[in-house]
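Asks: For what it's worth, full-length UniProt numbering labels the leading residue of the sequence shown as 1, then goes sequentially.
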Amino acid sequence: MKYRLILHKKGSDMKLWRLVVVVCFLATACGGGGDVPTPDPVVETPNYDACLPEVGESTLEVVTWNVENFPVHTNTAVAVKTIIEDTDVDVIALQEITSKSEFNALVDALDGWSGHVEDYAGSQWVGYMYKTSEITVLTQPENLFPESSNDDYNFAFTSARRPLYMKFQHTNGLVVNIINVHMKCCSGSEDRRRSGAMLLKDYIDTNLPNENVILLGDFNDEIVDQADNVYQNFIDDNANYKFTTMPIAQGASSGWSYPSWPSQIDQILITNELFSKATETLVLTLDNCQTTFGSQVSDHRPVMIRLNNN
1 MKYRLILHKK
11 GSDMKLWRLV
21 VVVCFLATAC
31 GGGGDVPTPD
41 PVVETPNYDA
51 CLPEVGESTL
61 EVVTWNVENF
71 PVHTNTAVAV
81 KTIIEDTDVD
91 VIALQEITSK
101 SEFNALVDAL
111 DGWSGHVEDY
121 AGSQWVGYMY
131 KTSEITVLTQ
141 PENLFPESSN
151 DDYNFAFTSA
161 RRPLYMKFQH
171 TNGLVVNIIN
181 VHMKCCSGSE
191 DRRRSGAMLL
201 KDYIDTNLPN
211 ENVILLGDFN
221 DEIVDQADNV
231 YQNFIDDNAN
241 YKFTTMPIAQ
251 GASSGWSYPS
261 WPSQIDQILI
271 TNELFSKATE
281 TLVLTLDNCQ
291 TTFGSQVSDH
301 RPVMIRLNNN
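1) For N310, does the three-state DSSP call read helix, strand or coil?
2) Along the chain, where does the beta strand (DSSP E) containing F293 start, and where does it finish?
3) Spell out a yes or no on whether the stretch 49-62 and the stretch 81-92 are touching, meaning 3 or more CB-CB pairs, one atom from each, closer than 8 Å.
4) Measure the C-alpha to C-alpha separation of T45 and V67 and round it to an integer number of angstroms.
5) Which runs of the beta strand (DSSP E) at least 3 residues long sit entirely within the stretch 167-214? Give them in chain order.
6) If I measure Cβ to Cβ from E142 and keep anything under 7 Å in the same chain, skipping five residues before and after, which residues do I get?
7) Between V137, H116 and A121, which has its C-alpha nearest G127's C-alpha?
8) In angstroms, rounded to a whole number, what distance separates the CA positions of G173 and N309?
9) Using beta-carbon positions only, say whether H182 and Q124 come within less than 9 Å of one another.
10) So, for T158: in the same chain, excluding its five sequence neighbours on each side, which residues have a beta-carbon less than 7 Å away from its beta-carbon?
11) Closest to E96 by CA distance: which of T82, W65 and V107 is it?
12) Thinking just about the alpha-carbon of each residue, which of M246, I305, S263 and V63 is nearest to the one in S253?
13) Would you kindly check if the distance between the Cβ of I305 and the Cβ of T281 is under 9 Å?
14) Within the same chain, show all residues whose beta-carbon is closer than 8 Å to that of W113, passing over the 5 residues directly before and after it, in chain order.
15) Quick check on D228: does DSSP put it in helix, strand or coil?
16) Rounded to whole angstroms, what is the Cα-Cα separation between I248 and L269?
17) From T279, A197 and N69, pick the residue whose C-alpha is nearest to that of S58; which is it?
18) Answer yes or no: do V303 and V80 have a C-beta to C-beta separation smaller than 9 Å?
19) With Y153 as the anchor, note down where its alpha helix (DSSP H) starts and where it stops.
20) Measuring CA to CA, which of N180, V137 and R194 is closest to D152?
21) Can you grab the Cα-Cα spacing for the pair Q140 / N288, in whole Å?
22) Would a C-beta distance cut-off of 9 Å place E61 and V91 closer than the cut-off?
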């Protein structure tokens with residue numbers, strides 16, 4: 001009945017209605033009466049070769065990496081495993097582990113690796129992973145400032161993010177005391193970060209005065225161009241301490257470790273015993289080799305230091 005009415009139209013109206021009929025017919029025939037299905041998304045298989053430095057057995061490579069609420073995505077663990085295997089560094093200090101079971105599964109999936117995540121209250125933990133063929137742990141990981149009645153400790157550090165200490169030896173003979181930190185974030189917490197910096201420096205000065213020390217992690221603050229730098233106590237004592245990330249922080253923003261809010265907040269600090277042994281510090285710009293890195297892996301880039309024992 002509908003088409004019979006249309007065919008009785010005359011003149012220009014007739015032409016218009018014929019066009020409507022044809023369009024409706026084609027739309028129905030081609031569409032099959034339903035929506036065109038959305039194709040499955042293409043799964044990215046990144047190749048990190050162009051974004052990774054070469055490593056060798058004679059040098060010690062140590063990385064700090066905030067892995068952003070690990071695992072932040074269903075693809076995170078697989079991507080992190082691939083990155084660790086391809087990077088082939090010796091020690092990794094991790095921040096923002098939110099699943100201990102996923103962390104332990106990652107360690108188990110990596111041939112020749114061991115790891116430790118601290119077991120205390122909270123939901124964002126710090127931990128270590130290390131290559132067993134090149135690293136011998138001399139002192140097992142331990143919390144330097146455990147929760148207690150000490151108000152200074154509790155003010156400076158959140159319950160789940162206490163500095164984690166470990167002592168190890170590399171196959172090249174180098175012995176290192178490493179401290180992994182995740183400092184309090186955001187504006188308004190400057191006094192807490194400053195308090196943490198004072199506690200850490202006092203600990204190193206008192207307990208490790210003549211030892212090789214690497215203090216590294218997510219410092220959650222800049223180390224340059226601030227009138228009231230919370231880490232000024234380390235910067236002023238430049239005879240004994242050096243931020244090896246300082247040249248990166250002073251460089252172009254494209255090379256910084258936190259690209260989503262361009263800043264260099266992931267730091268590596270060494271004591272003077274290591275000044276002559278630190279040969280290179282660099283940010284691994286893995287997001288240049290994986291477009292989904294920021295959404296599926298982490299919003300932080302890893303930062304690596306290379307040391308020799310010459």
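Using N, Cα and C, we set each Cβ at its ideal position, and we do this for glycine too.
If you're wondering where the values come from, they're calculated on a predicted model, not measured in any experiment.
Replies: Inspection of the coordinates gives the following:
1) Locating residue 310 in the sequence shown gives position 310, where the first residue counts as 1. Annotated three-state conformation of N310 is coil, per DSSP.
2) Locating residue 293 in the sequence shown gives position 293, counting from the first residue. Careful: F293 lies outside any beta strand (DSSP E), inside the alpha helix (DSSP H) at F293 to Q296.
3) Judged by Cβ distances under 8 Å, the stretch 49-62 makes contact with the stretch 81-92, as three or more pairs qualify.
4) Locating residue 45 in the sequence shown gives position 45, counting from the first residue. Locating residue 67 in the sequence shown gives position 67, counting from the first residue. If I take the Cα positions, the gap works out to 19 Å.
5) Entirely contained in the stretch 167-214, the beta strand (DSSP E) runs reaching 3 residues are, in chain order, 175-182.
6) Taking the sequence shown and counting its residues from 1, the one referred to as residue 142 is at position 142. Y165, listed in sequence order.
7) Counting from one through the sequence shown, the residue named residue 127 turns up at place 127. Closest by alpha carbon: H116.
8) Start at 1 with the first residue of the sequence shown, and residue 173 comes out as number 173. Start at 1 with the first residue of the sequence shown, and residue 309 comes out as number 309. When rounded, the separation of the alpha-carbon atoms in G173 and N309 is 7 Å.
9) The sequence position of residue 182 within the sequence shown is 182, counting from 1. The sequence position of residue 124 within the sequence shown is 124, counting from 1. One thing to note: H182 has its Cβ within 9 Å of the Cβ of Q124.
10) Here the question's residue 158 lines up with position 158 in the sequence shown. Taken in chain order, the residues that qualify are G122 and K184.
11) As a first step, residue 96 is located in the sequence shown; it is residue number 96 there, counting from the start. Relative to the Cα of E96, the nearest Cα in the group T82, W65 and V107 belongs to W65.
12) Position 253 of the sequence shown, counting from 1, holds the residue named residue 253. Among M246, I305, S263 and V63, the Cα nearest to that of S253 is on S263.
13) Position 281 of the sequence shown, counted from the first residue, corresponds to residue 281. Position 305 of the sequence shown, counted from the first residue, corresponds to residue 305. Yes. Within cutoff.
14) In the sequence shown, counting from the first residue as 1, residue 113 sits at position 113. When the five nearest sequence neighbours on each side are left out, the beta carbons in the same chain lying within less than 8 Å of the beta carbon of W113 are those of I84, V107, M129, Y130, K131 and T132, in order along the chain.
15) Position 228 of the sequence shown holds residue 228. Correct three-state label for D228: coil.
16) In the sequence shown, the residue the question calls residue 248 occupies position 248. In the sequence shown, the residue the question calls residue 269 occupies position 269. Computed Cα separation, rounded: 13 Å.
17) Looking up residue 58 in the sequence shown gives position 58. Residue T279 is the option with its Cα nearest to S58.
18) Translated into positions along the sequence shown, residue 303 becomes position 303. Translated into positions along the sequence shown, residue 80 becomes position 80. If you check the CB distance, V303 and V80 do not come in under 9 Å.
19) Here residue 153 corresponds to residue number 153 of the sequence shown, with the count starting at 1. Y153 -> alpha helix (DSSP H) spans D151 to A156.
20) In the sequence shown, residue 152 corresponds to position 152, counting from 1. Per the Cα distances, R194.
21) Within the sequence shown, numbered from 1, the residue matching residue 140 stands at position 140. Within the sequence shown, numbered from 1, the residue matching residue 288 stands at position 288. Using only the alpha carbons, I get a separation of about 36 Å.
22) Counting from one through the sequence shown, the residue named residue 61 turns up at place 61. Counting from one through the sequence shown, the residue named residue 91 turns up at place 91. It is a contact, given that the beta carbons lie within the stated cut-off.
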